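Structure record follows, encoded as structure tokens.
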Amino acid sequence: MDWITVAAEGGVTTITLNRPEVMNALNRGLRGELTQALRAGHAGRVIVLTGAGRAFCSGQDLGDAQSLGAVDFEAVLRDEYVPMIRAITEAPVPVIAAVNGVAAGAGANLALACDLVIAAESASFIQAFARIGLIPDAGGTSFLPRRVGMQRAMGAALLAEPVSARTAEAWGMIWEAVPDDRFADVVAARAAQLAAGPTGAYAALKQALRGAFDQDLETQLALEARLQGTCGASADFQEGVAAFLEKRRPKFTGT
Numbered sequence: 051m052d053w054i055t056v057a058a059e060g061g062v063t064t065i066t067l068n069r070p071e072v073m074n075a076l077n078r079g080l081r082g083e084l085t086q087a088l089r090a091g092h093a094g095r096v097i098v099l100t101g102a103g104r105a106f107c108s109g110q111d112l113g114d115a116q117s118l119g120a121v122d123f124e125a126v127l128r129d130e131y132v133p134m135i136r137a138i139t140e141a142p143v144p145v146i147a148a149v150n151g152v153a154a155g156a157g158a159n160l161a162l163a164c165d166l167v168i169a170a171e172s173a174s175f176i177q178a179f180a181r182i183g184l185i186p187d188a189g190g191t192s193f194l195p196r197r198v199g200m201q202r203a204m205g206a207a208l209l210a211e212p213v214s215a216r217t218a219e220a221w222g223m224i225w226e227a228v229p230d231d232r233f234a235d236v237v238a239a240r241a242a243q244l245a246a247g248p249t250g251a252y253a254a255l256k257q258a259l260r261g262a263f264d265q266d267l268e269t270q271l272a273l274e275a276r277l278q279g280t281c282g283a284s285a286d287f288q289e290g291v292a293a294f295l296e297k298r299r300p301k302f303t304g305t
């Protein structure tokens, strides 16, 4: 069964979670297909992750057979969720979460794993884990406090209340919330902008920013210098400078 759909056009790979009847809840099959599709999407220039129907992703499918009875949660997270999240965070291309509706539980943290989160105004984010006696997973305990601070992260996790897209934007949890009637156009424009950009520089800046909270200034300065040396030797840098001097749009090739 196809738990996702994949479309590629103009350097943009769009991956759509395709279980709208259960608000795109994550079962084993979907997680496996999504991880494979994310890795395959690295061959493009940008990945857009979204959901079919009225939801982005409602999190773990509690009706999934593996969720009933005794479950080795540690093994499921290690073997299925961790590879899925790493396929996003370690992707050499920008990954956009186009949050078209509710993003709950692991679905919320799937979105927060992405490099850029764009949400429709009607969307919401819910750290729903405490409602069933669990803690945030799928990277939530890392992503959330880094984006919104400890107090808001604690409140979101302890109270398990919906956070509106506009509030998420104000908190710095996401990049932007846009009116529903403009959502598709804004996502398409952002994806096209990134697909036309210097992909080598994007990969380098992702590496630098993703590790920024985990190392000291001296280490970060050394990493910046090394990565900037690579970027400075690229054809895209030469093209960017030439385009600036010639007052035209650069034509980046990713080399």
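The sequence shown begins at 51 in my numbering and counts up one residue at a time. Ideal placement from N, C-alpha and C gives every residue a C-beta, glycine not left out. All values derive from a computational prediction rather than experimental measurement.
Quiz item: Rounded to a whole number of angstroms, what is the C-alpha to C-alpha distance between E83 and I65?
Solution: Counted from its first residue, the sequence shown places residue 83 at position 33. Counted from its first residue, the sequence shown places residue 65 at position 15. Looking at the two C-alpha atoms, the distance is approximately 10 Å.
Quiz item: Quick one, which of R136, A93 and G222 has its alpha-carbon nearest R81's?
Solution: Position 31 of the sequence shown holds residue 81. Residue R136 is the option with its Cα nearest to R81.
Self-check item: C-beta contact flag for A105 and V152 at 8 Å
Solution: By one-based count along the sequence shown, residue 105 stands at place 55. By one-based count along the sequence shown, residue 152 stands at place 102. Taking 8 Å as the Cβ cut-off, A105 and V152 qualify as a contacting pair.
Practice problem: My understanding is that P144 touches L162, with C-beta atoms under 8 Å, so please give their C-beta distance in whole angstroms. | Solution: Here residue 144 refers to the residue found at position 94 of the sequence shown. Here residue 162 refers to the residue found at position 112 of the sequence shown. Contact flag wrong, Cβ pair sits at about 15 Å.
Self-check item: Continuous beta strand (DSSP E) assignments of at least 3 residues falling wholly in the stretch 195-233
Solution: 226-228
Quiz item: Quick check: the stretch 167-185 against the stretch 270-289, are there 3 or more CB pairs under 8 Å?
Solution: no
Practice problem: Could you check what DSSP says for L112 in three-state terms: helix, strand or coil? | Solution: Residue 112 sits at position 62 when you count from the first residue of the sequence shown. Coil, per DSSP.
Self-check item: beta strand (DSSP E) segment containing E268, residue limits
Solution: Stepping through the sequence shown from its first residue, residue 268 is reached at position 218. Not the beta strand (DSSP E): E268 falls in the alpha helix (DSSP H), residues L267 to G282.
Practice problem: Mind the definition here: the stretch 214-234 touches the stretch 193-204 only if three or more C-beta pairs lie below 8 Å; say whether that holds. | Solution: yes
Quiz item: Below 8 Å between beta carbons: does that hold for I168 and V228?
Solution: What you label residue 168 is simply residue 118 of the sequence shown in a count that begins at 1. What you label residue 228 is simply residue 178 of the sequence shown in a count that begins at 1. Yes; because the gap between Cβ atoms is below 8 Å, this pair is in contact.
Quiz item: How would you call V62, buried or exposed, if buried means at least 16 neighbouring beta carbons within 10 angstroms?
Solution: For the purposes of this step, residue 62 is identified with residue 12 of the sequence shown, where counting begins at 1. Answer is buried; the Cβ neighbour count reaches 16.
Practice problem: Give me the Cα-Cα distance between R216 and E171, rounded to the nearest whole angstrom. | Solution: Looking up residue 216 in the sequence shown gives position 166. Looking up residue 171 in the sequence shown gives position 121. Rounded to whole angstroms, R216 to E171 spans 6 Å at the Cα level.
Quiz prompt | Inter-residue spacing [alpha-carbon to alpha-carbon] between C107 and A253 | solution = Numbered from its first residue, the sequence shown carries residue 107 at position 57. Numbered from its first residue, the sequence shown carries residue 253 at position 203. The straight-line gap from Cα to Cα measures roughly 27 Å.
Quiz item: Can you name the start and end residues of the beta strand (DSSP E) that A90 belongs to?
Solution: Mapped onto the sequence shown, residue 90 falls at position 40. Where A90 is concerned, there is no enclosing beta strand (DSSP E), although the alpha helix (DSSP H) it sits in stretches over R78 to A90.
Quiz prompt | Beta-carbon proximity list for P248, same chain, < 6 Å, skipping 5 on both sides | solution = The residue labelled residue 248 in the question sits at position 198 within the sequence shown. So the list reads D286 and F302, once near-sequence residues are dropped.
Quiz item: Would you call Q110 buried or exposed, if buried means 16 or more other Cβ atoms sit within 10 Å of its Cβ?
Solution: For the purposes of this step, residue 110 is identified with residue 60 of the sequence shown, where counting begins at 1. The residue is buried, with at least 16 neighbouring Cβ atoms inside 10 Å.
Quiz item: Buried or exposed: Q288, going by 16 or more other Cβ atoms within 10 Å of its Cβ?
Solution: Numbered from its first residue, the sequence shown carries residue 288 at position 238. Exposed.
Quiz item: Which parts of the stretch 129-161 are runs of the beta strand (DSSP E), unbroken and 3 residues or longer, counting only runs that do not cross its ends?
Solution: 145-149 and 152-154
Exercise. Pick helix, strand or coil for S172, following the three-state DSSP scheme.
Key: Walking along the sequence shown from the start, residue 172 turns up at place 122. S172: coil per DSSP, three-state reduction.
Quiz item: For I176 versus P133, is the C-beta spacing smaller than 8 Å?
Solution: For the purposes of this step, residue 176 is taken as residue 126 along the sequence shown, with counting starting at 1. For the purposes of this step, residue 133 is taken as residue 83 along the sequence shown, with counting starting at 1. Contact flag unset, no.
Quiz item: How is the alpha helix (DSSP H) around L259 delimited, first residue to last?
Solution: Position 209 of the sequence shown holds residue 259. Here the alpha helix (DSSP H) through L259 covers T249 to R260.
Exercise. Just confirm the distance between the C-beta atoms of G60 and A242, as a whole number of angstroms; I'd bet it's less than 8 Å.
Key: By one-based count along the sequence shown, residue 60 stands at place 10. By one-based count along the sequence shown, residue 242 stands at place 192. At roughly 7 Å, the Cβ-Cβ gap stays under 8 Å, so G60 and A242 are in contact.
Quiz item: C107 bridges to which residues according to DSSP?
Solution: Indexing the sequence shown from 1 puts residue 107 at position 57. Looking at the DSSP assignment, C107 forms a beta bridge with A153.
Quiz item: Would the beta-carbon of A90 fall within 8 Å of that of N68?
Solution: As a first step, residue 90 must be located in the sequence shown, where it is residue number 40. As a first step, residue 68 must be located in the sequence shown, where it is residue number 18. Against a cut-off of 8 Å, the Cβ pair of N68 and A90 comes out as no contact.
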